[in-house]
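These protein sequence lines map, in sequence, to chains A and B. The working numbering numbers the first residue of the first sequence as 1 and each following residue consecutively. The working numbering numbers the first residue of the second sequence as 1 and each following residue consecutively.
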Amino acid sequence: GEDVEQSLFLSVREGDSSVINCTYTDSSSTYLYWYKQEPGAGLQLLTYIFSNMDMKQDQRLTVLLNKKDKHLSLRIADTQTGDSAIYFCAESEGYQKVTFGTGTKLQVIP
Amino acid sequence: NAGVTQTPKFRVLKTGQSMTLLCAQDMNHEYMYWYRQDPGMGLRLIHYSVGEGTTAKGEVPDGYNVSRLKKQNFLLGLESAAPSQTSVYFCASRPPSLVYEQYFGPGTRLTVT
């Protein structure tokens with residue numbers, strides 16, 4: 001079945017850039033997503049990218065997609081303490097199914 | 001708009017007890033989902049519904065039942081709770097679109113002793 005892999009933990013200093021990486025196995029993915037989960041809360045969609053795009057930028061967020069290597073990354077510029085959270089990569093194909101990664105916990109050190 | 005709400009927020013059950021988790025959304029979304037979140041395993045889909053009166057099995061449906069009698073509500077039932085069902089349960093909803101912009105509830109933390 002489909003699989004989405006992420007590293008479990010990332011620590012960065014406030015003001016630095018963060019890069020969270022994800023690999024997936026489903027070559028039929030239509031959309032790929034980044035969700036953010038703050039402590040004690042549900043997931044919130046941050047951004048998504050269509051599978052025929054290479055890059056998407058949204059303010060401090062940059063998403064890069066390498067479809068050949070099935071690699072997705074999320075770059076957060078000027079990381080702030082409020083960015084501390086768990087970030088989930090996800091991919092979907094069609095209407096019915098989305099597969100989430102295991103989540104990467106981002107710790108921002110003041 | 002309240003968005004997606006879940007009741008209760010916390011619950012402790014003994015093995016063999018039953019309970020129902022309630023999810024409600026006020027966004028008129030067609031699709032609703034129940035996930036469980038366990039450490040190191042991300043989110044796993046338990047059951048989902050594509051409209052009022054319909055339900056379908058997800059990745060880990062065993063030990064759970066669901067009902068969608070009203071469009072705004074999606075109920076998750078545990079008939080005989082087991083310690084393996086200790087988890088955080090999230091409900092989500094979304095409109096019918098190829099883009100999975102799911103709106104999540106705040107979660108229910110369930111402990112089965």
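Every residue, glycine too, gets a C-beta built ideally from N, C-alpha and C.
Segment contact: the stretch 30 to 37 of chain B against the stretch 63 to 75 of chain B, three or more CB-CB distances shorter than 8 Å; contact assigned.
For residue 58 of chain A, the enclosing beta strand (DSSP E) has its first and last residue at 55 to 58. Taking a contact as a CB-CB distance under 8 Å, the pair residue 73 of chain A and residue 21 of chain A counts as one, their CB atoms being some 5 Å apart. Just measuring C-alpha positions, the residue of B/44, B/21, B/15 and B/49 sitting nearest residue 95 of chain B is B/49. Cβ contact annotation for residue 10 of chain B (same chain, cutoff 6 Å, sequence separation greater than five): 109, in chain order. Between the alpha carbons of residue 40 of chain A and residue 54 of chain B lies a distance of about 30 Å.
Taking the C-beta atoms as reference points, residue 94 of chain A is found nearer than 8 Å to residue 30 of chain A. When the beta-carbon positions are compared, residue 82 of chain B and residue 15 of chain B come within less than 8 Å of each other. The beta-carbon of residue 65 of chain A is placed no less than 8 Å from the nearest beta-carbon of chain B. Beyond the five residues adjoining it in sequence on each side, residue 12 of chain A comes within less than 8 Å, by CB distance, of 18, 79, 106, 107, 108 and 109 in the same chain, given in chain order.
With fewer than 16 other Cβ atoms from the protein chains shown falling within 10 Å of its own Cβ, residue 56 of chain B counts as exposed.
In this structure, DSSP gives residue 47 of chain A an extended state, which the three-state scheme calls strand. Listed in chain order, the non-local C-beta contacts of residue 43 of chain B below 8 Å within the same chain comprise 35, 36, 37 and 90, local neighbours out to five positions each way being set aside.
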